[in-house]
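S.K.: Residue numbers (my numbering), protein chains in the order written: chain A, 2 to 629; chain B, 379 to 715.
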């Protein structure tokens, strides 16, 4: 989707304001269905042809106490008629379903932005829970924004009255009323949402009808208010045109689904079956959920008793001739660490997906961070090198998963694939790739005694040892975590052998660099004053910030790493061709340290560890400061 | 993929060329020999057999079996074995573990393997001590065990492996002694059982816990062994004593058998499918009672692996994998040229 920005000329005949991009945030109680509202609004944006990026932000508690500040769940979408790389910095529109949602989110709203508030929820009790001394809808504390308030709760109850629902059930339709209003505000078709509701509530048509009635009522409210009914507030309507993109079939995809599909694709290209051992953990569980429905693709999923058993079973499956895969988040990866060492020692292929979250310890389970880079690259006992790959966006995770499978099976090594909570949960449009354009990389199982005899730890030209399925006659052998003798794989503690095997393991992983693409510059020039070097989900904000800065004439380029370990062979020279290198990261400077160590470059850190993605403006400010 | 017809083998065919590195006189040697004698008798095929072990003295076992083998990490053998079996159910999987490996660091995996009932043999070499780390007390060590880490005697209560296994849902529980001639028969029964066959083998650690089982393993103490056989009365001490049910307290008791008339004494007949009695047998306090040995319980039910494969076959029936179609479905839209 590399198409330059375009602003539609305002059509004077249309009452609609035309906007290039709009950021809307839906915020409410965690039981208010904001993620659902956001998800359906995303679908509607996709169908309208907008480019978009979303950012779900929800509490760790499944049902936090009603009305509390920590129970607020929010969903932000940035959609537009030009290329969208991030979920947007500051929202233009905030839909606040209760006082707590208003309080926790309003500070992010753009000055002059629009607040839509459900005044029915601004009761004395809810105001107290949100720690408001006075009702903000009634004083001038929201003066720098536009405020539209109406009693959405009552309007919803009125709309669904004919269906005879209980009060609690009726109020659950509030999110659909809100969605209906939002659809009107952005000139969207209601039909796909109606179809979805009918499908979702197929077993309970009354609920489907009630939700549809609420949706229609919200939409009608916008329409009627616009005409200027007495007592109703006119609501601004905007139209965001379709983004010009390459023709083809598109779909929305979350990072978790992209990882699941990418792993399936990788195993097809490798011509090997997949065994996925998993244990539930936020935000990685969705990969297990997705794969458990894909059994016809040769996928076996196993929910193990713990993180250790999840990876241990995957290693067992790899030993038996399938590709073992396991997935978790930081704390779970920590538990798997000893087993990762076993996979390195036994030189079995294995893919370990880490959907990073805020740490340390339990940390921020539902918030995003990229602070597990050290853990991935260095975090094991002994000299235990393994390749590390990082996805930059939800759709990029598809190709990264394929790459992880390729390296694992071609080099007989565990590979860590890093995503994060943002990538896992966020959705973006994805041009569905043509699978026939992918080059297969079929694995070869050794099935006979080769000339010169069978050596379980013999090597090919990539230093990979042979993969042998138990059950193969003539190739019986034993492997394990004790140091192996060169070639034979027998137990061997001798000093020379340990030195030789340590060198072999290192050289094998270093050699992966000969089989990966050179590092490119994704925006800008291959030398100059400033390079912004990123990895993972900071891609969006870095890219947009560099684009804006370059539009202002600044000499800044964007380099984004997929291969974290080993790094592309040209990276050192490339970095040295810039006067300044800045590494924006959602950690305290982990890639920065690795770059300094590997290349003796004076990489400078730009760090954010708040559990929230970078804002474009934060990176833009750093660029301007560096070039001032 | 392979010719699965069993080939006739001899115990020698199951020996590797690797030097065995256990202490001279270790009970592990006897167990190794018994397993190597068992394999030809069950018609095993070396290349279709996999030994998976954890960490500890016992876990060196796979290196000495001329089969496929995986010496994994401490406590995790059941988990690795689960992956092996699910990836290739045709393999004959044997898990080798010890009291520390299976019941301390790996207790969780042991429990879940038993509850799931993965089809494999689980041999737990119980020597009531950590041998490889030089003699600390283990979860099966008796109270008061003096060891480098408990110089004044251990104070925690030991676990009983077979009671643990039954509690976790095991469908086959057996006990044997490293040097007992019945070990081969017990291993054959374990192999014949579909599902996790749990075998506790009392193994004498001659360096750190020598003769801890002498109370029933010594020649002079054979009267304290109760060898159970399905359909046979529970007799011991040269058939002069037996195990009967004390109905009033719903517990077992030792009864004297006069003139071989065990029926008159109320001696129970061993029924391997009786789970209630199995629970009582594994809990019998040694001393007051003999040590129950042989197959204590054997009542198969569907295995985890068969259930997984059945479900996978059922849900994929008629579904053809089409990745291009898969990634093209969901919330899609087309942008025209």
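Heads up, the beta-carbon is just placed ideally off N, CA and C, and yes, glycines get one too.
Nothing here was measured: the structure is a model prediction, and the numbers come from that model.
Hey, is residue 447 of chain B's beta-carbon within less than 7 Å of any beta-carbon in chain A?
M.R.: Residue 447 of chain B counts as touching chain A.
S.K.: Would you verify that the beta carbon of residue 454 of chain B is, or is not, closer than 7 Å to some beta carbon of chain A?
M.R.: Yes, residue 454 of chain B counts as interfacial toward chain A.
S.K.: For the beta strand (DSSP E) containing residue 251 of chain A, name the first residue and the last one.
M.R.: Its beta strand (DSSP E) spans residues 249–255.
S.K.: Could you please give the first and the last residue of the uninterrupted alpha helix (DSSP H) stretch that includes residue 464 of chain B?
M.R.: Unbroken alpha helix (DSSP H) run through residue 464 of chain B: 455–465.
S.K.: Contact check, residue 471 of chain A vs residue 356 of chain A under 8 Å by CB: the rounded distance?
M.R.: With 8 Å as the limit, residue 471 of chain A and residue 356 of chain A do not qualify as a contact, their Cβ atoms being about 32 Å apart.
S.K.: Give a yes or no on whether 7 Å exceeds the smallest Cβ distance from residue 436 of chain A to chain B.
M.R.: Interface residue, yes.
S.K.: Helix, strand or coil: which one does DSSP assign to residue 296 of chain A?
M.R.: In the structure shown, residue 296 of chain A sits in a helix (DSSP, three-state: H, G or I).
S.K.: Can you check whether the C-beta of residue 296 of chain A is within less than 7 Å of a C-beta belonging to chain B?
M.R.: Output row for residue 296 of chain A: interface = yes.
S.K.: Taking the Cβ atom as the reference point for each residue, do residue 91 of chain A and residue 77 of chain A lie within a distance shorter than 7 Å?
M.R.: No, the pair does not count as a contact, with Cβ atoms beyond the cut-off.
S.K.: Buried or exposed: which applies to residue 4 of chain A, given that a residue is buried once 16 or more other Cβ atoms fall within 10 Å of its Cβ?
M.R.: Any reading at residue 4 of chain A is ruled out, since the residue's pLDDT is 26, under 50, leaving its predicted position unreliable.
S.K.: Please classify residue 614 of chain A: is it buried, with 16 or more other beta-carbons within 10 angstroms of its beta-carbon, or exposed?
M.R.: Burial call: buried.
S.K.: Give the range of the alpha helix (DSSP H) segment to which residue 411 of chain B is assigned.
M.R.: From DSSP, the alpha helix (DSSP H) with residue 411 of chain B extends over 405–419.
S.K.: May I ask which residues mark the beginning and end of the beta strand (DSSP E) holding residue 432 of chain A?
M.R.: Counting along the chain, the beta strand (DSSP E) containing residue 432 of chain A begins and ends at 428–432.
S.K.: Is the distance from the Cβ of residue 436 of chain B to the Cβ of residue 250 of chain A below 7 Å?
M.R.: Not in contact: residue 436 of chain B and residue 250 of chain A (Cβ atoms no closer than 7 Å).
S.K.: Compare the C-beta of residue 267 of chain A with all C-beta atoms of chain B and state if any pair is closer than 7 Å.
M.R.: By this cut-off, residue 267 of chain A is not an interface position.
S.K.: Spell out whether any CB of chain A is found under 7 Å from the CB atom of residue 711 of chain B.
M.R.: Interface residue, yes.
S.K.: Cβ closer than 7 Å: which chain B residues qualify as neighbours of residue 306 of chain A?
M.R.: Here the neighbours are 486, 487 and 490.
S.K.: Can you tell me where the alpha helix (DSSP H) with residue 35 of chain A in it begins and where it stops?
M.R.: Here the alpha helix (DSSP H) through residue 35 of chain A covers 35–48.
S.K.: Distance check for residue 433 of chain B and residue 43 of chain A, CA to CA, integer angstroms please.
M.R.: Spanning the two alpha carbons is a distance of roughly 52 Å.
S.K.: Within its chain, find whatever has a CB closer than 8 Å to the CB of residue 464 of chain A; leave out the 5 residues flanking it on each side and keep chain order.
M.R.: Contacts found: 412, 505, 508, 509 and 512.
S.K.: Between residue 479 of chain A and residue 372 of chain A, what straight-line distance do the alpha-carbon atoms span, to the nearest angstrom?
M.R.: Taking the straight line from one Cα to the other gives about 37 Å.
S.K.: For the alpha helix (DSSP H) that residue 617 of chain A lies in, which residues bound it at each end?
M.R.: That run of the alpha helix (DSSP H) goes 617–628.
S.K.: With a threshold of 8 Å, are at least 3 pairs of Cβ atoms found where one atom belongs to the segment 123–133 of chain A and the other to the segment 249–268 of chain A?
M.R.: Verdict: no, contact absent.
S.K.: Does the beta carbon of residue 271 of chain A sit closer than 7 Å to a beta carbon anywhere in chain B?
M.R.: Residue 271 of chain A does not count as touching chain B.
S.K.: Using 7 Å as the threshold, is the C-beta distance between residue 558 of chain A and residue 526 of chain A below it?
M.R.: Going by C-beta atoms, residue 558 of chain A is nearer than 7 Å to residue 526 of chain A.
S.K.: With burial defined as no fewer than 16 other Cβ atoms inside 10 Å of the residue's Cβ, what is the status of residue 630 of chain A: buried or exposed?
M.R.: Not covered by the structure: residue 630 of chain A. The range shown for chain A is 2 to 629.
S.K.: Quick check: the Cα distance between residue 482 of chain B and residue 568 of chain A, rounded to an integer number of angstroms?
M.R.: Between residue 482 of chain B and residue 568 of chain A, the C-alpha separation is close to 41 Å.
S.K.: Mind the definition here: the segment 484–496 of chain B touches the segment 437–447 of chain B only if three or more C-beta pairs lie below 8 Å; say whether that holds.
M.R.: No contact exists between the segment 484–496 of chain B and the segment 437–447 of chain B.
S.K.: Step through the CB atoms of chain A and report whether any lies within less than 7 Å of the CB of residue 451 of chain B.
M.R.: True, the Cβ-Cβ gap to chain A drops below 7 Å.
S.K.: With DSSP as the reference, identify every bridge partner of residue 468 of chain A, one or two as the case may be.
M.R.: A:446, per the DSSP bridge assignment.
S.K.: Starting from the N-terminal side, write out each stretch of the alpha helix (DSSP H) that is 4 residues or longer and does not extend beyond the segment 138–189 of chain A.
M.R.: If we require 4 residues or more, the alpha helix (DSSP H) runs fully inside the segment 138–189 of chain A come out as 153–161, 168–172 and 175–186.
S.K.: Using the Cα positions of residue 537 of chain B and residue 518 of chain B, report the straight-line distance between them to the nearest angstrom.
M.R.: Using only the alpha carbons, I get a separation of about 5 Å.
S.K.: Whose C-alpha, out of A:196, A:180 and A:548, is nearest the C-alpha of residue 218 of chain A?
M.R.: The residue with the shortest Cα to Cα distance from residue 218 of chain A is A:180.
S.K.: What does residue 469 of chain B touch in chain A if you count any residue whose Cβ is under 9 Å from its own?
M.R.: Chain A residues near residue 469 of chain B: 321, 471 and 472.
S.K.: Does any C-beta atom of chain B lie closer than 7 Å to the C-beta of residue 553 of chain A?
M.R.: Chain B, which has no Cβ nearer than 7 Å to the Cβ of residue 553 of chain A, makes this no.
S.K.: For chain B, check one thing: does any of its Cβ atoms lie closer than 7 Å to the Cβ of residue 253 of chain A?
M.R.: Yes, its Cβ sits closer than 7 Å to a Cβ of chain B.
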